[in-house]
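Quick note on this note's numbering: the sequence shown kicks off at 2 and runs consecutively. The beta-carbon is built from N, C-alpha and C at its ideal position, and this holds for glycine as well. Treat the numbers as computed from the prediction; the structure is a model and nothing was measured.
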Amino acid sequence: MTRPTYYITTPIYYPSNRLHIGHAYTTVAADAVARFKRLQGCDVWFLTGTDEHGRKIEERAAQEGKTPREFVDPVVAGIKELWQLLHIRYDDFIRTTEERHVRVVQELFTRVHQSGDIYAGEYEGWYCVGCETYFTDTQAKDMDGHCREHDRPLERLRERAYFFRLSKYAGRLLRHIEDHPGFIRPESRRNEVLALIRGGLEDLCVSRTSFSWGIPVPFDPQHVIYVWFDALSNYLSGCGYLQDETRYGKYWPADLHLTGKEIVRFHAVIWPAILMAAGLALPKCVFGHGWLVLEGGKMSKTLGNVVDPVVLVGKYGLDAVRYFLLREVPFGADGIYHEEALIARSNADLANDLGNLVHRTLAMIKRFQHGIVAAPVRPEAIDDQFREAVLATPAAVEQAVDGLELSNALGAIGRLVSASNKYIDTTAPWAHFRDGNEGRLATIFYHLCEALRVVAVLLTPFLVETPGKIWQCLGLAGHPGEQGWESLTVWGFTRPGSRVQEGPPLFPRIETSRPAEGGPPPKIHVEPATVEIDDFRRLDLRIGTIVEAQAMPGAARLLRLVVDVGAARRQVVAGIAGEYEPGELAGRQVVVVVNLKPVKLRGVESQGMILTAGDGDRLRLLVPDGPVKEGSPVS
Ligand code: MSP
């Protein structure tokens, strides 16, 4: 059976940039998706690379007394080292200075020229070298003649140039975007692009004569090809176009071009139009993610406020950094970067929840079962429910990754970790140890080992060191990354009789006042399991007014209440009969959990729950401090 293919790309990076945490963001996200697809069994081609031509590079090299090539080579080597440090598992790294790329760009340019969609003309406009872009008079006026992003004045340039007939493709592009709702994602970026096209497209200047560091127009070598025409073509040259037809046939069209939001228009307007003009298939999806910014605004070399991923990995470890990048901000939205947020995430989710789960499970197996996982004996309802939660998690993660909701994917794994901690708290293995109930202990720990196995495999796309460590602790052979998706759909993979190993803590809690390098290791706090704010938000709490209250025959402690919760009335059975007389309740406001699954209590359906507080002696209703409209949310 042939495996489904999956071709994913990142933007190719400018070697004039010093790569910061924002750049790492795109690539780590693409790496996680690529790893996930491999885990699912897809035949993946993951491409990244460098965008090395253009006047900016030519100028930077000249400033340093180097040729452009001498300037870019060491920077590109540094970029590759960074990806190695972050364990980015790309399948190919394309440099736009490579011969294989140059050939493709020249061929594509020639083809589009031959089809009549590239024509010779003259260009005059306002140009920013930083953006490598011309601006119209109106745009330049709006910008006060100055590019704020690169802090340099726009220059008036006039040159003989080749133009791409972008305007001709506006209608076809619109139709394609409308017919393929998944082509530009998320929805907000799709709307932006639709508005841009509907506003009218002008032909695009696609050659330059004002500098020479670029790919020459093959039939007019005084011109070099516009860097964006050059750069976008990497997605073809990087998958074998015109060199390896088998590879090209297998992977093109790309499944996903992942890009930052500011370059979506190049990927979702110019690139598809070039492909249409060349008669090639369009990529299936362009996803524009948001930006990681600092509280004061953008990270930029000019402002000197870039956050260096190498420093962060050195300080907090690779997995804490990868986890933070993927979990903290919903993918697609902008996020503000704080080092404190990274520390808080690592401490809460990794040290407390995950680290603690692994630690307490293994410590108890060691203490209560001599370190051996025994076969389960007659699972009870609570074990079955837990098993169902474990087996439902892979599908939840899959759904989130398919929607590129990477933070939600990690959230789903986090929920399983929390459920596992809760399972320990509820099943209380220590009590069964005290009672000598070995069957119960065997069942509980078997279920926990299975949960940890699934967590380890599901984490492999996102984290690179932790899953293997968990695997080793469980005494399992091989590596979780090699298990394959099917291993997640079966229960009972853990072999009874296997011996667990307690290793060092997975994630030492990060102290904010960390000792200097080389000092004593940070203290490890093992804290009780916590819930996520998302867990709390899943409860729908509303203000309601009791409109009716009745005693329930044969149920001394229960009252049947009818509560107005705004949109509807709910019947709620509450255990407050000993505390309140039915007559004193009508008109009182209460807090109601409205999204609780209905249950029958003494034959009466209860469609929610009323919140109370009790100290063992008395039970009181939780009420708002003053009148509040029915249905108002409680947060
Ligand atoms: N060379 C072009 C891409 C050409 S693709 C055919 C380019 N390079 S870049 O080095 O400036 O940016 C590479 C990627 O990093 C872009 O997707 C950009 O959005 C992303 N990021 C740069 N700074 C960022 C943040 N602060 N936050 C998130 N991503 C950001 O653009």
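query                                                                                                                   : result
Option nearest Ala578 by Cα separation, candidates Gly584, Asp385, Pro16 and Ala557                                     : Ala557
Residue from Phe332, Val594, His339 and Asn438 whose Cα sits closest to the Cα of Tyr26                                 : Phe332
At least 3 beta-carbon pairs within less than 8 Å: the region 270 to 289 vs the region 317 to 329                       : no
Local conformation of Cys148 per DSSP, three classes                                                                    : strand
Residue environment, Pro554, which counts as buried when at least 16 other CB atoms sit within 10 Å                     : exposed
The ligand MSP heavy atom lying under 8 Å from the CB of Gly291                                                         : yes
Start and end residues, beta strand (DSSP E) containing Thr546                                                          : Leu542 to Met553
Proximity of Arg561 and Val573 at Cβ, strictly below 9 Å                                                                : yes
Closer than 8 Å: Tyr236 CB and nearest the ligand MSP heavy atom                                                        : yes
Arg153 beta carbon less than 9 Å from that of Cys129                                                                    : yes
Buried versus exposed call for Ala278 [16 or more other C-beta atoms within 10 Å across all chains shown]               : buried
Contained alpha helix (DSSP H) runs [length at least 4] in the region 382 to 425, N- to C-terminal order                : 382 to 403
Same chain only: Cβ atoms within 8 Å of Thr28, ignoring 5 sequence neighbours per side                                  : Thr11, Thr49, Trp84, Leu87 and Ile89
Gly79 beta carbon near the ligand MSP (any heavy atom closer than 8 Å)                                                  : no
Contact test: Lys299 Cβ vs the ligand MSP heavy atom, cutoff 8 Å                                                        : yes
Distance CB(Ser408)-CB(Val308) smaller than 9 Å                                                                         : no
N- and C-terminal bounds of the alpha helix (DSSP H) containing Glu580                                                  : From DSSP, Glu580 is part of no alpha helix (DSSP H); its letter is neither H nor E.
Sufficient close CB pairs (3 or more, under 8 Å) joining the region 281 to 298 to the region 332 to 343                 : yes
Terminal residues of the alpha helix (DSSP H) in which Ala364 lies                                                      : Asn357 to Gln370
Backbone secondary structure at Leu257 - three-state DSSP                                                               : strand
Euclidean distance between Cα positions of Asp180 and Val207                                                            : 28 Å
Stretch pair the region 205 to 225 + the region 161 to 175: three plus CB contacts closer than 8 Å                      : yes
contact_flag[the region 139 to 152, the region 240 to 260] where n(CB pairs < 8 Å) is 3 or more                         : no
Backbone CA spacing between Leu281 and Ala31 [nearest angstrom]                                                         : 24 Å
Residues near Tyr15 in its chain [Cβ-Cβ closer than 7 Å; skip 5 each side]                                              : Asp52
For Ile511 and Asp313, believed in contact at Cβ under 8 Å, the rounded distance                                        : According to the sequence provided, residue 313 is Leu. The question's Asp does not apply to it. Their Cβ separation, rounded to whole angstroms, is 12 Å, which puts Leu313 and Ile511 out of contact at 8 Å.
Complete runs of the alpha helix (DSSP H) confined to the region 239 to 294 [at least 4 residues]                       : 246 to 252 and 272 to 279
Neighbourhood of Pro625 by C-beta distance below 7 Å, restricted to the same chain and skipping five residues each side : Ile544 and Gln590
CB contact flag (Glu82, Phe72, <9 Å)                                                                                    : no
Cβ-heavy atom distance, Tyr15 to the ligand MSP, below 8 Å                                                              : yes
Buried/exposed call for Trp214, threshold 16 Cβ in 10 Å                                                                 : buried
Exposure of Lys7, with buried meaning 16 or more beta-carbon neighbours within 10 Å                                     : Rather than Lys, the amino acid found at residue 7 in this sequence is Tyr. Under this definition Tyr7 is a buried residue.
Limits of the alpha helix (DSSP H) - the one that Thr467 falls within                                                   : Thr467 to Cys474
Any non-hydrogen atom of the ligand MSP within 8 Å of Gly131 CB                                                         : no
Between the CA atoms of Val398 and Leu411 - distance to the nearest angstrom                                            : 7 Å
Any non-hydrogen atom of the ligand MSP closer than 8 Å to Pro12 Cβ                                                     : yes
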